[in-house]
Amino acid sequence: MIIVLLIILMLLMFLIGGDRGVVSFVTLCANFIFMLVAILLMYWGINAIAVTYICCILISLVTLFYQNGENAKTFSAFISIFIIITLLSFFAYKMGYAANLQGFSTEKQLEDEMSGLSVNMNIDMIKIAFAVIMIGLIGAVLDMSIAISSSVYEVYKNNNHLTQKDLFLSGINIGSDIIGSTTNTLFFAFLAEFLMLMIRFKKEHYSFDKIINSKAFSQEMIPIIFSCIGCILIIPICSVIISYVLTHKSTFHKWLKEDPIFQND
């Protein structure tokens, strides 16, 4: 059934998206391969923090530059993402340790033990908790960064007399308009993943305090909160970078000479 759904997805991307759909599908496959390789490297004992960080960079590069080309939009979005994942990496590791996110929750351990499976994987689970947070973060900030940079880019293309401050404020205004829908998307994705566990909590008569203090709840909720924080922080960061790049074209001309705006400068 999964194969059938994948085929339907591929056909819809090709038929409706055209050439862009083909590029998007190739990008999706490449990102899947990156994730698969990252999982194998972690399983083989390679440092999960380093693997996750490199994987996030590669996913950003392919998603932005292969799918959208080399231009001021993708350049600014990538720099913004690089700053965000570097900035939040330390906090993600500390949060995973402080909130005891490592390892399997009690509910998951019971399921595995009942199935005759061992929960001892001989892997540093604190680093795996970091990986979970960062992989969730990269998906969220990718969308937000390209949305901000593309919008400011289009504003400048139609009003190239605007100052850096004007473009920055445009980015902030655009971000404030879309942040609500983005956070709602993340929230409902969390609810969908957490639905069965919430039903189980209800059937086993968990109190509200017990639910919010359970590892299972924290393992789902904290990555979502981190993703929302990343989406909020990337708005001013991306706005600053794209506004600076567009108003200092001579500085970035040698890297962005393929961009039509820079060619017409």
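Quick note on numbering: the numbering used here labels position 106 of the sequence shown as 97, and the sequence is numbered without any gaps. Beta carbons: idealized from backbone N, C-alpha and C, even for Gly. Quick caveat, the model's predicted, so the values are computed rather than measured.
State the start and end residues of the unbroken alpha helix (DSSP H) segment that holds tyrosine 34.
-> Counting along the chain, the alpha helix (DSSP H) containing tyrosine 34 begins and ends at -7 to 34.
Taking the CB atoms as reference points, tell me whether serine 198 and glycine 127 lie closer together than 9 Å.
-> With respect to glycine 127, serine 198 sits apart: the two C-beta atoms are not nearer than 9 Å.
Opening and closing residue of the alpha helix (DSSP H) in which aspartate 250 lies | Here aspartate 250 belongs to no alpha helix (DSSP H), and DSSP marks it neither H nor E.
Quick one: Cα of leucine 160 to Cα of phenylalanine 243, how far?
-> Those two C-alpha atoms are separated by around 22 Å.
Reduced DSSP secondary structure (H/G/I, E/B, other) of tyrosine 197 = Of the three classes helix, strand and coil, the one that applies to tyrosine 197 here is coil, per DSSP.
In whole angstroms, what separates the C-alpha of isoleucine 213 from that of isoleucine 202?
-> Each residue's alpha carbon lies about 14 Å from the other.
Ordered list of beta strand (DSSP E) runs contained in the region 127 to 215, each at least 3 residues = Listed in chain order, the beta strand (DSSP E) elements of length 3 or more contained wholly in the region 127 to 215 amount to none.
Asparagine 151 to phenylalanine 208 span [Cα, whole Å] = Each residue's Cα considered, the two are about 48 Å apart.
Secondary structure of threonine 242, DSSP reduced to three states | The answer is helix: DSSP assigns threonine 242 an H, G or I state.
What number of angstroms, rounded off, separates the C-alpha of isoleucine 252 from the C-alpha of methionine 1?
-> About 33 Å.
With distances taken Cα to Cα, identify the nearest neighbour of tyrosine 260 among Phe81, Ala68, Ile48, Leu3.
-> With the chain represented from -8 up to 256, any question about residue 260 goes unanswered, as that position is not in the structure.
Figure out for me which residue from Glu195, Leu247, Phe82, Gly162 has the closest Cα to the Cα of isoleucine 216.
-> Considering only alpha carbons, the answer is Phe82.
Residues near isoleucine 232 by beta carbon distance below 7 Å, same chain, minus five either side | Ser67, Ile70, Ser71.
Should the region 188 to 198 be regarded as contacting the region 157 to 173, the criterion being three or more beta carbon pairs within less than 8 Å?
-> Too few Cβ pairs lie closer than 8 Å, so no.
Return the first residue and the last residue of the alpha helix (DSSP H) that isoleucine 40 is part of.
-> Its alpha helix (DSSP H) spans residues 39 to 52.
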